[in-house]
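Residue numbers (the working numbering): 172 to 475.
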């Protein structure tokens, strides 16, 4: 039998627990004896409610939940609940829909599955309405998903079997994305905090920024780095790793020369105009010719 969670990278504890529940793996007695959670699931039974939780979004909880649910029931017997768009909460009406859904018999399966996304957004009134159904789910199995477990009512949490999901290593994030033909810059991978979902969001945000703004940002990053390296204002600091601390790949002056000179020329023009207005002088500035070479150490173009 193929492992149901082959597609899920890392998340070994979550996969062990769920595979044990569906009989595709067993928890060794030596390991089970070390953990109350693993002792609970070592019997190989599917619980009536699970809480898929992590400290950061985008680490595979939703994909794992859908795979687990697909093992238990068909899509006909599956209900997915999301926060309402207008107020970003899960309210009483949605919980009533859940109660109605699980109160009827499954159509094609032995059980029904309810997946509640961002369950930390359930309002207190709605959470209290859900409690009785969690206690007596009938043929229903609940999968609650959150990256904000601290915001869930203890009474809800206590009725669920906790399935922990961890932050991923950079190499694991890279593997997941490359399997989907997504190739990201190394600095984005470092900034995503072990979350493939967050890495994709960062890349989408980066793609939405006009190229001219990115060019200017690179200029200021370059100038900041150059100035800090030159003056080294912080004692006992490893300046060899400054680019890594900034969170960016090293920037070559040739890559930003045009934007650098454009910004420097604009700043110089503004300074001259300001001085002219301040002192009443009529100053004229001869613009740079296109073929005029400008050296990096030209004091007129220095931004710092």
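Every residue, glycine too, gets a C-beta built ideally from N, C-alpha and C.
- Inter-segment contact for the region 238-255 and the region 354-368 is absent: fewer than three beta-carbon pairs are separated by less than 8 Å.
- Assignment of residue 294 by DSSP, reduced to helix, strand and coil, places it in the coil class.
- Per the C-alpha coordinates, the member of 440, 395, 393, 347 positioned closest to residue 181 is 347.
- Between residue 217 and residue 179, the gap from beta carbon to beta carbon reaches 8 Å or more.
- Membership of residue 327 in the alpha helix (DSSP H) is indicated by the continuous run 325-328.
- Listed in chain order, the non-local C-beta contacts of residue 298 below 6 Å within the same chain comprise 324, 327, local neighbours out to five positions each way being set aside.
- Bridge pairing for residue 332: 221 [DSSP].
- Here the alpha carbons of residue 420 and residue 389 stand approximately 10 Å from one another.
- Excluding sequence positions up to five before and after residue 309, its CB lies within less than 8 Å of the CB of 273, 274, all in the same chain and listed in chain order.
- Residue 427 is positioned such that its CB atom lies closer than 8 Å to that of residue 393.
- Here residue 418 is exposed. Its C-beta has fewer than 16 other C-beta atoms within 10 Å.
- Secondary structure note for residue 317: its beta strand (DSSP E) is the uninterrupted segment 311-317.
- Residue pairing from DSSP places residue 251 in a beta bridge opposite 286.
- Excluding residues up to 5 positions away in sequence, 222, 261, 315, 316, 317, 323, 327 lie with their Cβ nearer than 8 Å to the Cβ of residue 290 in the same chain.
- Per DSSP, residue 239 is one residue of the alpha helix (DSSP H) stretching across 232-243.
- Annotation for residue 415: the continuous alpha helix (DSSP H) segment containing it runs 413-417.
- Membership of residue 349 in the alpha helix (DSSP H) is indicated by the continuous run 341-350.
- Annotated three-state conformation of residue 261 is strand, per DSSP.
- Of all alpha-carbon atoms in 378, 356, 411, 372, the one lying nearest the alpha-carbon of residue 229 is that of 372.
- By the Cβ-count criterion, residue 441 is exposed, with fewer than 16 other Cβ atoms from all chains shown falling within 10 Å of its own Cβ.
- In the three-state reduction of the DSSP assignment, residue 275 falls in the coil class.
- In the structure shown, residue 364 falls within a coil segment according to DSSP collapsed to helix, strand and coil.
- Between residue 183 and residue 233, the C-beta gap is not smaller than 8 Å, which leaves the two residues out of contact.
- For residue 445, the three-state secondary structure derived from DSSP is helix.
- When only Cα atoms are considered, residue 387 and residue 379 end up about 15 Å apart.
- Annotation: residue 352 to residue 241 spans about 25 Å, alpha carbon to alpha carbon.
- In this structure, residue 185 keeps its C-beta atom at 8 Å or more from the C-beta atom of residue 332.
- Residue 301 counts as buried, since no fewer than 16 other beta carbons sit within 10 angstroms of its beta carbon.
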